[in-house]
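Asks: Residue numbers (this note's numbering): 0 to 99.
Note that the Cβ used here is the ideal one computed from N, Cα and C, for glycine as well.
None of these values were measured; they are calculated from a predicted model.
Below is one structure. I have some questions about it.
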């Protein structure tokens with residue numbers, strides 16, 4: 000369930016986001032969502048809340064959380080994953096362009 004924080008919410012020490020700022024939108028499990036809603040610290044996020052959080056950088060995506068360990072080793076080489084080297088416009092000999 001997507002929740003909008005109405006106040007600053009302190010998370011656990013192990014979490015990626017130890018403090019959730021007001022107006023942030025994040026996904027919470029049912030137990031946590033119910034507890035926050037009962038305390039008045041959060042409410043269910045509307046479509047407008049989600050859009051505003053994305054615009055203002057307050058959307059805490061589930062991708063921010065570490066992926067669960069499946070126990071399988073990643074055996075694909077980096078080239079097979081599509082990880083290309085970033086392209087740079089740097090010249091090989093930048094010192095020759097320096098006027099000093």
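Is it true that the CB of residue 50 sits closer than 8 Å to the CB of residue 2?
Replies: In this structure, residue 50 does not lie closer than 8 Å to residue 2 by Cβ.
Asks: Alpha carbon to alpha carbon, how far is residue 45 from residue 14? Give it in angstroms, no decimals.
Replies: Approximately 25 Å, taken between the alpha carbons.
Asks: On the criterion of 16 or more Cβ atoms from any shown chain inside 10 Å, does residue 58 qualify as buried, or is it exposed?
Replies: Residue 58 is buried by the Cβ-count criterion.
Asks: I need the straight-line Cα distance from residue 60 to residue 39, nearest angstrom please.
Replies: Between residue 60 and residue 39, the C-alpha separation is close to 22 Å.
Asks: Grouping DSSP H, G and I as helix and E and B as strand, with all else coil, what is residue 43?
Replies: Reduced to three states, the DSSP call for residue 43 is strand.
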